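In our numbering, the protein residues as written are 847 to 938.
Dropping the structure here:
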C-alpha cells in the first residue's frame with residue numbers, strides 16, 4: 847500500500863507542475879513538495895529496516911512539511927486573500 851501512496855503523490859506533484867502551474871507559480875512549489883513526499887514514501891517502503899516517519903527522519907519530514915505549509919499560507923494571504931478584500935472594499 848505504501849508504494850501506491852508513493853506513486854499517487856508523484857503523480858499529483860507532476861500534475862501540479864505541468865498542468866496547474868499555468869494558473870499560478872506557487873504550484874511549482876507545491877508540485878515539488880508532492881514529488882518530495884512521494885519520494886519519501888517510496889524510500890520508506892523500499893527500506894523496511896528504516897522507518898522514515900519516526901525519530902530524526904520523521905522530524906525532518908515534519909519540519910519540511912511545516913515550512914512548506916507556512917510558505918503556502920503566507921502566499922495565499924498576501925497574494926489572494928488581501929487583494930480580494932481590497933477589491934470588495936472598493937466596490938462598496
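Glycine is no exception: its CB is placed at the ideal position from the N, C-alpha and C atoms.
These numbers were taken from a predicted model, which means no experiment stands behind them.
Beta-carbon proximity check, residue i vs residue j, cutoff 8 Å
i           : j           : result
residue 898 : residue 912 : no
residue 877 : residue 862 : yes
residue 879 : residue 926 : no
residue 852 : residue 884 : yes
Spatially closest choice to residue i from the options, by CA coordinates
i           : options               : result
residue 881 : 918, 847, 854 and 934 : 854
residue 892 : 849, 879 and 916      : 849
residue 859 : 918, 847 and 873      : 873
residue 886 : 919, 905 and 937      : 905
residue 816 : 934, 870, 932 and 847 : The chain is shown only over 847 to 938; residue 816 falls outside these bounds and no answer can be derived.
residue 919 : 875, 864, 847 and 866 : 875
residue 847 : 888, 868 and 896      : 888
Simplified DSSP state of residue i, which is helix, strand or coil
i           : result
residue 899 : coil
Q. Which ranges does the alpha helix (DSSP H) cover as unbroken runs of at least 4 residues, wholly within the stretch 850 to 909, from first to last along the chain?
A. List check, alpha helix (DSSP H) in window: 872 to 892.
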